[in-house]
Structures are given as C-alpha cells and as structure tokens.
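Our numbering applies: residue 2 is where the sequence shown begins, and numbers increase by one.
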Amino acid sequence: MARMGKKHILTFGLTGLVLAASLVACDDGRSGAQDAANKLASGLSALDVGAVPFQGKDSSAANDRLHEAFKALEPAKPTVHGGDLTVDKDTATLPLDISWTIGGSEWKYTVSAQLKKAGDTWQTVWKPDLLAPGLTDTEVLATSTQAPQRADILGAGDVPLVTSRAVVNVGIDKTTLGGADPAASAAKLAALVGVDPAGYTQQVQAAGPQAFVAAITLRQDGRTVTDEQIAAIPGARAIADALPLAPTRTFARAVLGSVAEASAEQIEKSGGALKNGDSTGTGGLQQQYDARLRGTDGVQVFAQVPGLTPEQRQAQPNAGRRMLFQVAMKPGAPLKTTLDPKLQQLAEDTLAKVGPASAIVALRPSSGAVLAAASGPGSNGYDTAMLGQYAPGSIFKIVDSLALIRGGMTPDSKVDCPATLEVDGRTFKNAEGYPASSLGSVALRDAFAHSCNTAFINARDKVSQAQLESTAASLGVGVDAPKLGAAAFLGSVPGQAGGTEHAASMIGQGKVLLSPLVAAVMAGSVAKGAPVSPVLVTNPDAPAGTPGTTAGATGSASPAATAAASASASGSPGATSSATAAPTASGTPLTPAEAASLADMMRAVITSGHAGFLASVPGAPVGAKTGTAEFGSDNPPKTHAWIVATHGDLAVAVFVEDGGLGATTSGPLLKEFLTGAG
Numbered sequence: 002m003a004r005m006g007k008k009h010i011l012t013f014g015l016t017g018l019v020l021a022a023s024l025v026a027c028d029d030g031r032s033g034a035q036d037a038a039n040k041l042a043s044g045l046s047a048l049d050v051g052a053v054p055f056q057g058k059d060s061s062a063a064n065d066r067l068h069e070a071f072k073a074l075e076p077a078k079p080t081v082h083g084g085d086l087t088v089d090k091d092t093a094t095l096p097l098d099i100s101w102t103i104g105g106s107e108w109k110y111t112v113s114a115q116l117k118k119a120g121d122t123w124q125t126v127w128k129p130d131l132l133a134p135g136l137t138d139t140e141v142l143a144t145s146t147q148a149p150q151r152a153d154i155l156g157a158g159d160v161p162l163v164t165s166r167a168v169v170n171v172g173i174d175k176t177t178l179g180g181a182d183p184a185a186s187a188a189k190l191a192a193l194v195g196v197d198p199a200g201y202t203q204q205v206q207a208a209g210p211q212a213f214v215a216a217i218t219l220r221q222d223g224r225t226v227t228d229e230q231i232a233a234i235p236g237a238r239a240i241a242d243a244l245p246l247a248p249t250r251t252f253a254r255a256v257l258g259s260v261a262e263a264s265a266e267q268i269e270k271s272g273g274a275l276k277n278g279d280s281t282g283t284g285g286l287q288q289q290y291d292a293r294l295r296g297t298d299g300v301q302v303f304a305q306v307p308g309l310t311p312e313q314r315q316a317q318p319n320a321g322r323r324m325l326f327q328v329a330m331k332p333g334a335p336l337k338t339t340l341d342p343k344l345q346q347l348a349e350d351t352l353a354k355v356g357p358a359s360a361i362v363a364l365r366p367s368s369g370a371v372l373a374a375a376s377g378p379g380s381n382g383y384d385t386a387m388l389g390q391y392a393p394g395s396i397f398k399i400v401d402s403l404a405l406i407r408g409g410m411t412p413d414s415k416v417d418c419p420a421t422l423e424v425d426g427r428t429f430k431n432a433e434g435y436p437a438s439s440l441g442s443v444a445l446r447d448a449f450a451h452s453c454n455t456a457f458i459n460a461r462d463k464v465s466q467a468q469l470e471s472t473a474a475s476l477g478v479g480v481d482a483p484k485l486g487a488a489a490f491l492g493s494v495p496g497q498a499g500g501t502e503h504a505a506s507m508i509g510q511g512k513v514l515l516s517p518l519v520a521a522v523m524a525g526s527v528a529k530g531a532p533v534s535p536v537l538v539t540n541p542d543a544p545a546g547t548p549g550t551t552a553g554a555t556g557s558a559s560p561a562a563t564a565a566a567s568a569s570a571s572g573s574p575g576a577t578s579s580a581t582a583a584p585t586a587s588g589t590p591l592t593p594a595e596a597a598s599l600a601d602m603m604r605a606v607i608t609s610g611h612a613g614f615l616a617s618v619p620g621a622p623v624g625a626k627t628g629t630a631e632f633g634s635d636n637p638p639k640t641h642a643w644i645v646a647t648h649g650d651l652a653v654a655v656f657v658e659d660g661g662l663g664a665t666t667s668g669p670l671l672k673e674f675l676t677g678a679g
C-alpha cells in the first residue's frame with residue numbers, strides 16, 4: 002500500500018509537469034501580443050498612442066502624426082474594436098474596425114495592424130495606413146459638409162408659414178475699419194439699428210482684428226435702415242443672407258418656434274448631428290421636428306496634402322485629394338399644419354394691445370383643425386394658447402350643464418339661484434352686477450345665460466366629482482389628442498373632491514384647469530355634436546429619437562401633476578410646458594341631442610344673457626359662454642377673463658390673465674375676431 006501511494010503521487014507530479022510544459026508551448030506569446038493589441042486599440046480610440054511601443058517610429062512622433070492626421074475631425078473620437086488576433090511565432094496581425102460619427106453619419110473602415118516581438122516586448126509596426134485606409138505619411142484627413150436648405154413649415158392649403166426669406170446681417174467688419182476707431186463705429190451702428198451701444202461696443206473691441214461682429218439681422222423686406230446709412234459708418238457692412246422665417250417676427254412664434262445657431266449644449270446633446278455654425282430649431286414645432294426639417298448634411302472625408310489654401314482648393318478641387326467616405330445630402334421634409342395664415346394674423350392683431358398674458362384659439366369643429374393659436378405679447382414668448390393651465394371659471398358650466406342634462410334636466414328645468422350660498426363655512430356669490438330678475442327659481446337656461454354661480458353650486462349633490470370628470474371628457478377635456486402633433490395641455494379635472502372643493506369645481510375653480518386650446522375643444526364639441534379631437538400637424542411622422550429633436554407631449558395632467566401650475570402663475574414662461582400624465586377615460590360620447598340642448602343654452606347667452614353685444618356679428622348665429630375665474634389672495638381677488646363661442650363651423654376661446662370679467666374684457670376681443678373672420 003505504501004508503494005502504491007508513492008507511485009500515485011509521483012504520477013500526479015509528472016502529469017502536472019507535462020501539463021505545465023504543454024501550456025508554455027501553446028502560449029507561443031499570444032498573451033503578450035494580445036495585451037499589445039488591446040493597448041493599441043485603446044490608444045487609437047482615445048487618440049493617444051504616446052504609451053504604445055512602435056517599431057519604425059518613436060511613440061511620441063507617432064502620437065504627433067496621429068493628431069496631425071485627425072485634426073480636421075476634432076472633437077470627434079473613433080470607436081475602435083479589435084478583431085481576431087493571428088499569431089505566427091514572433092509576428093501577429095490584428096484587424097481593427099474603426100468607426101467615426103461625422104456630421105451625424107457613421108464612417109466605418111477596417112485597417113490591419115502588424116505586431117512584432119522584440120525581446121520580451123510586443124511592438125506595433127508603424128505604418129501610416131494604420132490610421133485610415135491608404136493614408137500616406139504626406140496626407141491628412143479633411144472633411145467637407147453640405148447642409149441642405151431647411152424645409153418649410155406650411156399652413157392650411159400648404160401656404161408657406163416659415164420659409165427662406167432674405168435678410169441682411171449688419172455689423173462691423175474690423176478688416177475694413179482702416180484707421181477708424183472701432184468703438185466709435187460700433188456706437189454709431191448700434192444707435193442706427195437700435196441695439197445696446199455699450200454692449201455692442203464692448204463686443205467689437207473684444208473681437209479679433211479679422212472679425213465681423215454682427216449687431217443685428219434685419220429682414221430685407223420692409224427694412225428701414227438703408228445700405229447707404231450703413232456704408233456711411235466706417236467698417237459697417239450689410240451682408241446678404243437668407244433665414245427660415247415666419248411672415249413676421251411674432252407670427253405664431255410660440256407655436257412654431259424659431260431657428261438659430263446651435264448652442265454648445267445643443268451640439269453636445271446632438272450625438273454628432275450638430276456642429277459649430279449649424280442652425281437648429283429652438284422651441285415649438287421647429288425644435289420638436291428639428292431633424293425632419295433640417296434634413297441630413299452631405300458629408301465627405303478626404304485624404305489630402307496638408308496646407309492647401311482655400312484658393313488652391315477652389316482652383317483645383319481634386320488636386321492632392323482622395324475621397325475616403327461620402328454620404329449624399331438629404332433635404333428636409335416640409336411640415337404641414339392646419340394654421341390659417343389670415344386667422345392667425347387676425348388673432349395676433351386682436352391681442353396686440355392686451356397687456357397681460359392672453360390667447361385666442363380658433364378651430365374647425367367638423368375636423369378638429371386648429372386654425373389659430375395666438376399668444377399675446379403679455380405672454381412674453383410663452384405658448385399660453387396651447388400650454389397655459391388656468392382655472393376656467395364659468396365657461397366650465399358647459400360641463401355642469403351636460404351633467405345635469407344627463408341626470409334628467411332640460412334647459413327649461415328650474416334651478417334655485419340665491420344671491421349667496423354657504424358651503425362648509427365658505428360663502429359663494431354671483432359676479433358683480435348679476436341681475437336681480439334672474440335670482441330665485443329660474444330656468445337652467447337662464448341660470449346659464451346669466452352665469453349664476455349659486456345655482457350650479459346648489460346642484461352639486463346631483464353631480465358628483467367623478468361625474469364632472471367623466472362629463473368633461475365627453476366634451477374633449479382631459480383626454481389624449483393623438484392627432485394634434487404638438488405639445489399641449491389638454492385639461493385636468495380631479496375625479497375626487499368634496500365639500501368646498503367640489504363646490505368650487507362646479508364653477509370651474511378649485512383644481513380644475515384648462516388651456517385655451519381645450520376650452521375651444523369644449524365649445525367645438527357642442528358645435529359638432531360629438532367630441533372634437535384637435536389636429537395641428539397633419540404629417541407628423543418623423544424619425545423617433547433623432548438627436549436634436551424633442552418630442553412634444555400631449556394628454557391630460559393629473560391634479561398632482563398640475564398643482565404647481567396655479568391659476569395665478571401658470572401662464573408665465575416658467576410654467577409646466579406639456580402634460581405628461583396618462584389621459585383620463587374618454588367618458589360617454591356626447592350625443593347630438595345633448596349638444597343641441599347645450600347649443601340652445603349658449604345661444605341664450607347672446608339673446609338674453611350678458612353677451613348680447615355678439616348678436617351683431619354677421620353670419621351664422623353665435624353661441625357663447627363667459628367665464629371669470631378668481632385667483633390669488635388679494636381682496637377683492639384678481640380674476641382671469643374667459644369667453645368661448647361657436648360661430649358656424651368655428652369654435653373660439655379667448656383668454657386674458659388678470660383680465661377682470663369675461664364679458665367685458667374677453668368679450669370685445671372675441672367680437673373683433675369673429676367680425677374679422679367673416
């Protein structure tokens with residue numbers, strides 16, 4: 002037994018020695034070669050091969066050569082993947098798959114690296130085509146991009162809204178100053194074109210001697226500053242250009258957005274799609290559909306002799322140059338919208354003198370087409386029309402009335418309208434000037450026409466908060482708008498509320514929030530006799546997730562999601578820009594009979610209520626509902642002014658933040674718009 006034990010141990014030891022010898026034989030240097038290959042791939046991907054040992058070139062010199070060759074591709078860096086390493090004694094070969102993102106396009110190629118063992122060290126054999134296919138020691142890479150003209154945004158009937166329009170860039174060209182004082186010229190030009198003299202003068206003085214320092218870009222059409230006035234200032238120039246612009250500086254700007262030179266942040270986030278000097282959309286549809294409108298740059302990568310001047314390159318475009326990669330330019334695709342240029346401009350003209358934030362939205366009930374979505378100058382660039390979140394006040398009585406009709410009432414049913422009403426210690430009253438003749442037991446139609454708050458609050462036991470939510474959905478409030486194609490807030494009606502909060506909901510306050518857009522949808526649903534789903538962009542299909550785009554969100558927001566957007570502040574530029582909560586259920590569809598009853602009551606607002614001034618609007622009979630929504634802590638409280646109306650196949654909402662009474666503030670604006678619409 003003892004011998005057997007010793008033999009077993011000896012055999013195990015021999016086996017271990019044989020195995021170890023076998024491993025040494027099989028390794029044949031592969032692990033060292035693989036380490037060297039990995040180091041090379043890592044160095045190339047970082048554009049730093051200073052630590053990579055080379056044969057035939059000093060590592061530092063190789064690193065300098067790499068930077069020289071790839072300088073034109075900065076700040077891009079390649080992705081490098083090593084393939085299967087082949088080892089033959091002291092030589093190894095390695096395929097390297099290299100890819101670059103150039104102007105949003107991917108350039109891929111494969112080079113072959115050779116490694117040799119020198120003593121105990123594996124080194125990469127230097128050759129210039131290790132960097133790019135066929136590259137020589139006398140060549141560097143160069144790129145050329147060709148940007149397509151940005152596509153138009155079209156309105157109803159494919160009328161161009163945003164299209165390429167002639168402009169002039171006015172500024173100081175420091176190369177043409179001669180002996181003139183740059184500060185004096187800058188101050189004169191600033192005064193001429195109406196920019197801040199101190200700030201512009203500082204820019205001109207800080208710029209280099211070869212710089213052109215732009216002061217302002219003026220539309221060629223209708224500009225009052227002449228070329229002669231500009232030329233009279235030493236160093237001043239007007240350089241012709243073209244930019245994608247709307248008919249006027251303010252035309253639908255909050256909805257359409259604008260186009261400007263890409264910022265550093267936009268370039269960084271674009272994933273290589275944008276570079277310095279590129280234009281991109283900012284805000285509105287221009288940003289949401291940027292990739293679609295911008296198209297794809299044409300890209301070329303060359304190997305060429307370094308040091309060629311632009312003049313030499315222009316004289317001999319192909320001299321000393323080899324094409325390595327090319328992607329054809331792809332033009333952008335026009336974006337079609339339903340905006341009617343005449344009605345949009347009319348809406349903006351109507352709001353031109355309104356001080357607070359304001360909006361007019363007009364749509365066609367039969368199709369849901371949004372014809373105008375104007376935000377007044379007091380909105381300070383914010384899209385009040387589409388994104389504003391405000392307590393709707395008494396225009397929400399359209400929802401209350403539908404709920405009561407569904408509970409068995411008719412426009413002729415009697416309701417109780419006291420002068421004041423107390424709910425859980427809170428006193429509710431009617432608006433100032435409410436007619437005494439419409440107090441007491443009155444027809445629902447009369448309570449609606451004169452907007453009796455107490456009558457609708459009195460009916461709160463007949464309409465639960467959940468019913469308010471579902472009934473609002475029947476009129477298009479708080480439901481998704483899958484064909485809108487733009488960012489919007491589509492309303493929020495809480496499904497649960499009790500006591501004074503439920504009472505407040507009955508008169509469009511509490512946590513009930515609407516945008517002017519969805520207020521027009523609500524009125525339009527009455528005109529159509531079925532829920533209206535709004536449409537703004539008619540061909541929204543575009544590549545998803547493309548760098549440079551921001552998807553617009555539509556839908557409704559829960560009370561929690563909109564709590565921060567209070568009625569007093571939600572119209573400010575800092576308010577929530579789009580709704581993100583899941584849409585509520587669509588509710589029981591509005592029927593033609595229900596719509597007829599609501600239309601009857603909206604017409605009564607004109608014939609016997611406090612919007613009789615709309616009776617003179619020519620054309621189809623107008624139906625309307627005014628709204629005044631209190632907000633803030635002032636005593637008496639400030640109020641938002643609303644009015645919605647139907648006029649044939651037109652539904653309109655007019656809103657003025659901190660505007661007083663709906664009838665006296667928004668009403669005249671509505672009349673002006675409807676009369677002008679013809």
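Where is the CB? At the ideal position from N, CA and C, for every residue including glycine.
Inset, instruction - For residue 124, name the three-state secondary structure that DSSP assigns. - result: As a working mapping, residue 124 is identified with position 123 in the sequence shown. Correct three-state label for residue 124: strand.
Legend entry - Complete runs of the alpha helix (DSSP H) confined to the region 47-112 [at least 4 residues]: 60-71
Legend entry - Same chain only: Cβ atoms within 6 angstroms of residue 300, ignoring 5 sequence neighbours per side: The residue given as residue 300 occupies position 299 in the sequence shown. Correct list, in chain order: 103, 104, 106, 146, 328.
Inset, instruction - Assign residue 266 to buried or exposed, taking buried as 16 or more other Cβ atoms, counted over all protein chains shown, within 10 Å of its Cβ. - result: Position 265 of the sequence shown, counting from 1, holds the residue named residue 266. Exposed: under 16 other Cβ atoms inside 10 Å.
Legend entry - Reduced DSSP secondary structure (H/G/I, E/B, other) of residue 417: For this step, residue 417 is matched to residue 416 along the sequence shown. Residue 417: strand per DSSP, three-state reduction.
Inset, instruction - Please state if the CB of residue 504 and the CB of residue 461 are separated by a distance shorter than 8 angstroms. - result: Taking the sequence shown and counting its residues from 1, one reaches residue 461 at position 460. Taking the sequence shown and counting its residues from 1, one reaches residue 504 at position 503. Cβ atoms of residue 461 and residue 504: closer than 8 angstroms.
Inset, instruction - Starting from residue 327, trace the alpha helix (DSSP H) both ways and give me its first and last residue. - result: As a working note, residue 327 is residue 326 in the sequence shown. Counting along the chain, residue 327 falls outside any alpha helix (DSSP H), though it belongs to the beta strand (DSSP E) covering 322-328.
Inset, instruction - Could you please give the first and the last residue of the uninterrupted beta strand (DSSP E) stretch that includes residue 428? - result: As a first step, residue 428 must be located in the sequence shown, where it is residue number 427. Start and end: 427-430.
Inset, instruction - Measuring alpha carbon to alpha carbon, tell me which of 603, 453, 264, 48 ends up nearest residue 525. - result: As a first step, residue 525 must be located in the sequence shown, where it is residue number 524. Comparing Cα positions, the closest option is 603.
Inset, instruction - Taking residue 302 and residue 142 to be in contact with their CB atoms under 8 angstroms, please state how far apart those CB atoms are, rounded to whole angstroms. - result: As a working note, residue 302 is residue 301 in the sequence shown. As a working note, residue 142 is residue 141 in the sequence shown. About 6 angstroms separates the two Cβ atoms, so the contact holds.
Inset, instruction - Kindly indicate the opening and closing residues of the beta strand (DSSP E) around residue 656. - result: For the purposes of this step, residue 656 is taken as residue 655 along the sequence shown, with counting starting at 1. Counting along the chain, the beta strand (DSSP E) containing residue 656 begins and ends at 652-657.
Legend entry - Check whether residue 476 and residue 416 have beta carbons under 8 angstroms apart: On the sequence shown, residue 476 is found 475 positions in, with the first residue counted as 1. On the sequence shown, residue 416 is found 415 positions in, with the first residue counted as 1. Contact: no.
Inset, instruction - Output yes or no for whether 8 angstroms exceeds the beta carbon distance between residue 678 and residue 162. - result: Locating residue 678 in the sequence shown gives position 677, where the first residue counts as 1. Locating residue 162 in the sequence shown gives position 161, where the first residue counts as 1. Contact flag unset, no.
Legend entry - Through-space distance from residue 668 to residue 485, alpha-carbon basis: Sequence index remark: in the sequence shown, residue 485 carries index 484 (1-based). Sequence index remark: in the sequence shown, residue 668 carries index 667 (1-based). Near 27 angstroms, if we compare the C-alpha coordinates of residue 668 and residue 485.
Legend entry - Where residue 225 falls: helix, strand or coil (DSSP): As a working mapping, residue 225 is identified with position 224 in the sequence shown. Residue 225 falls in the coil class under three-state DSSP.
Legend entry - Under the three-state DSSP convention, the category residue 399 falls into: In the sequence shown, counting from the first residue as 1, residue 399 sits at position 398. Helix, per DSSP.
Inset, instruction - Specify whether the region 358-371 and the region 271-283 touch according to this definition: at least 3 beta carbon pairs, one from each stretch, less than 8 angstroms apart. - result: no
Inset, instruction - Figure out for me which residue from 43, 433, 345 has the closest Cα to the Cα of residue 80. - result: Here residue 80 refers to the residue found at position 79 of the sequence shown. For residue 80, the nearest C-alpha among the options comes from 43.
Inset, instruction - Give the range of the alpha helix (DSSP H) segment to which residue 270 is assigned. - result: Along the sequence shown, read from residue 1 onward, the residue named residue 270 stands at position 269. Residue 270 -> alpha helix (DSSP H) spans 265-270.
Inset, instruction - Quick one: using the 10 Å Cβ neighbour count with 16 as the cut-off for buried, is residue 22 buried or exposed? - result: Against the sequence shown, residue 22 aligns to sequence position 21. Its pLDDT being 34, under 50, residue 22 is placed unreliably by the model, and the measurement read from it follows with that caveat. Residue 22 should be labelled exposed.
Inset, instruction - Using the Cα positions of residue 345 and residue 255, report the straight-line distance between them to the nearest angstrom. - result: Translated into the one-based positions of the sequence shown, residue 345 becomes position 344. Translated into the one-based positions of the sequence shown, residue 255 becomes position 254. Whole-angstrom Cα-Cα distance: 12 angstroms.
Legend entry - Nonlocal neighbours in the same chain, by C-beta distance under 6 angstroms from residue 223, ignoring five residues either side: Taking the sequence shown and counting its residues from 1, one reaches residue 223 at position 222. So no residue of the chain qualifies.
Legend entry - First and last residue of the uninterrupted alpha helix (DSSP H) at residue 470: Working through the sequence shown from its first residue, we reach residue 470 at position 469. Taken as a continuous stretch (DSSP letters only), the alpha helix (DSSP H) holding residue 470 covers 466-475.
Inset, instruction - Count the CB pairs spanning the region 416-431 and the region 384-395 that are closer than 8 angstroms, and state whether there are at least three. - result: no
Legend entry - Residue range of the beta strand (DSSP E) that includes residue 606: To locate residue 606, count along the sequence shown from 1; it is residue 605. From DSSP, residue 606 is part of no beta strand (DSSP E) but of the alpha helix (DSSP H) over 593-608.
Legend entry - CA nearest to the CA of residue 640, picked from 499, 186, 212, 358: As a position in the sequence shown, residue 640 is number 639, starting the count at 1. That would be 358, whose Cα lies nearest to the Cα of residue 640.
Legend entry - Classification of residue 82 by the beta-carbon crowding that lies within 10 angstroms, buried from 16 upward: To locate residue 82, count along the sequence shown from 1; it is residue 81. That one is exposed.
Inset, instruction - Could you check if residue 425 is buried or exposed, using at least 16 other CB atoms within 10 Å of its CB as the buried criterion? - result: What you label residue 425 is simply residue 424 of the sequence shown in a count that begins at 1. So residue 425 ends up on the exposed side.
Inset, instruction - Count the CB pairs spanning the region 168-178 and the region 236-251 that are closer than 8 angstroms, and state whether there are at least three. - result: yes
Legend entry - Residue interval of the alpha helix (DSSP H) (run including residue 669): The count along the sequence shown starts at 1 and reaches residue 669 at position 668. Residues 668-678.
Inset, instruction - Consult DSSP for residue 339 and reduce its assignment to one of helix, strand or coil. - result: Taking the first residue of the sequence shown as 1, we reach residue 339 at position 338. Coil, per DSSP.
Inset, instruction - On a CA-only basis, which of 467, 464, 509 is nearest residue 452? Give me that one, please. - result: Position 451 of the sequence shown holds residue 452. Checking every option, the nearest Cα to that of residue 452 belongs to 509.
Legend entry - Straight-line Cα distance separating residue 272 from residue 408: On the sequence shown, position 407 is the one that residue 408 refers to. On the sequence shown, position 271 is the one that residue 272 refers to. So the alpha carbons of these two residues sit roughly 57 angstroms apart.
Legend entry - DSSP three-state assignment for residue 365, whether helix, strand or coil: Along the sequence shown, one-based indexing puts residue 365 at 364. In the structure shown, residue 365 sits in a strand (DSSP, three-state: E or B).
Inset, instruction - Determine which residues share a DSSP beta bridge with residue 170 and list them. - result: Taking the first residue of the sequence shown as position 1, residue 170 is located at position 169. Looking at the DSSP assignment, residue 170 forms a beta bridge with 218, 240.
Inset, instruction - Could you check the C-alpha separation between residue 529 and residue 434 for me, to the nearest Å? - result: If you number the sequence shown from 1, residue 529 lands on position 528. If you number the sequence shown from 1, residue 434 lands on position 433. Distance between the alpha carbons of residue 529 and residue 434: 33 angstroms.
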